[in-house]
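The working numbering puts the first residue of the sequence shown at 2, with every later residue one more than the last. Just below is one structure, and these are the notes that go with it.
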Amino acid sequence: MERVFISKRFLITILCTVFFISLATLLSSLLPRQTWFMNNNDNVIVQPSSEPIMTSYTDSIANGDNYNNDIVPEKEDLVQVNTAPTQPDIWKPKRFDDPDMTIQKAIDRNVRKENRDKILLVAVANLGMSDYTLNWIESLKRTEQDEKFLVFAIDAELQNILVAAGHANHVVKIPEEWLHKKLSSGFAKWLDNDYTPITHAKTLVVERLLYMNITAWFSDVDIVFTQKGIYRYLLDKLNARGSVTQVLFTQETEQKIINSGFYVMRPTDLNKRILDDTIVIQDKQPEVTQQRAINRVLDEIDLSYHTSPIVLLDLPLFPHGRLFFERNVPTKYNMEPMIVHANYRVGDQKREALKNANLWYL
């Protein structure tokens, strides 16, 4: 009898154990699990996994774990844009006359045909940027991109300089009727009175190219190309999602602000509308830069990485001036950039920064 009692007690103990284990498992699946993370300073942060990890942008900077610490907006990014972009169902394409034969022949000489894309590497500059334009061209030569490119000169003086340097097949003067206002031939310092009209001219030229069914590969001339594989990389990036991708933009801040100094733009209605709205904004508000205007327009567009027609190029591979010259990105990661953009430098600071980085070739 005692043996039977012991067997029953043992069975009850086992059943109770199984019950409590099952109960504990059930509760643990219902309650938030505590996840532990170790940061670079070996501090422990406790955060329930059922809630978002609320690490602020400022905190990430303080911990030194974010190369992209442009937490203070630039002056140009603080300019209020009061002109709303056009709604897609209201916007209508423009109609332009065919370009004159000089421009058409220059485009035909320099365009790269890739399946359905006719790609033109293009820059817009004036006399004040002549040295930077020549340095840009030399960087194209060193990266084997100098066979096909076209500079749209704002003034005849720059055109003459490039012709004298042996680049007659790669330069045309912008027709006066393409521009909305007369532009200065001098060096336009960042954000001075001549700066925004010149950025406006870049948009006007690229818009015309889109209406000629050209895929515009645009580059500022204070950029230096550094890798021979850049064209193939951009082409593969452009075609990675078939026809979904319509434009590749470089970035100013990670996933926040695009940089309008380097991009590849297909001649789609979306891109024509983006540039049209950008032009309207700058016409109505001359103090707004091209970059600020484009970013305002992009605020209204689908930017989901699943479905967006807009693709952002990696910042470390396409760094702006602060990232490359001041924060040593991407070289501190043992990486080489595709380009280096000497923006955020005023006047001769651009030249000095490029010289110090052994990227001034003149």
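Built from N, CA and C at the ideal position, the CB exists for glycine as well.
Using only alpha-carbon positions, find the residue among the options that is nearest to residue i.
i              : options                           : result
leucine 271    : Asn260, Leu235 and Ile311         : Ile311
asparagine 83  : Ile282, Pro338, Ala354 and Ile340 : Ile282
methionine 266 : Pro100, Ala157, Asp223 and Arg209 : Arg209
asparagine 127 : Arg274, Arg96, Leu121 and Asn161  : Asn161
tyrosine 345   : Asp303, Met213, Asn240 and Asp221 : Asp221
aspartate 303  : Ala358, Gln247, Leu363 and Ile138 : Gln247
valine 112     : Asn170, Asp284 and Ala165         : Asn170
Check residue i in the structure and name its three-state DSSP category.
i                 : result
histidine 168     : coil
tryptophan 361    : coil
lysine 285        : helix
glutamate 139     : helix
methionine 213    : coil
alanine 354       : helix
glutamine 247     : coil
isoleucine 1      : The structure shown does not extend to residue 1, since the chain is modelled only from 2 through 363, so no value can be given for it.
methionine 266    : strand
lysine 333        : helix
glutamate 255     : coil
alanine 157       : helix
phenylalanine 97  : coil
histidine 201     : helix
alanine 241       : coil
alanine 189       : Unreliable positioning characterises alanine 189 in this predicted model, as indicated by a pLDDT of 39, which lies under 50. The coordinate reading is nonetheless provided below. Looking at alanine 189 - three-state DSSP - the assignment turns out to be coil, as it is neither helix nor strand.
alanine 343       : coil
leucine 151       : strand
phenylalanine 319 : coil
lysine 273        : helix
tryptophan 92     : coil
leucine 163       : helix
Would you list the residues sitting across from residue i in a DSSP beta bridge?
i              : result
aspartate 118  : Glu115
serine 220     : Phe263
isoleucine 311 : Val248
alanine 85     : DSSP, once it has assigned bridges, lists no residue as partnering alanine 85.
lysine 174     : Ala154
Consider the C-beta atom of residue i and the heavy atoms of the ligand NAP; say whether any pair is separated by less than 6 Å.
i         : result
valine 82 : Ligands are entirely absent from the displayed structure, and the ligand NAP is therefore not among its contents.
For residue i, does the count of other Cβ atoms within 10 angstroms reach 16, so buried, or fall short, so exposed?
i                 : result
alanine 217       : buried
isoleucine 259    : buried
phenylalanine 319 : buried
lysine 142        : exposed
valine 47         : Residue placement at valine 47 is poorly supported in this model, since its pLDDT is 27, which falls under 50; the coordinates are not used for a value here.
tyrosine 334      : exposed
proline 94        : exposed
Would you call the region 219 to 233 and the region 289 to 300 touching, i.e. three or more CB-CB distances under 8 Å? no
The region 219 to 228 in contact with the region 339 to 348 per 3-pair CB rule at 8 Å: yes
Decide if the region 100 to 111 is in contact with the region 165 to 182; the criterion is three or more beta carbon pairs, one per stretch, under 8 Å apart. yes
Within 8 Å, do at least three Cβ pairs link the region 124 to 138 to the region 147 to 163? yes
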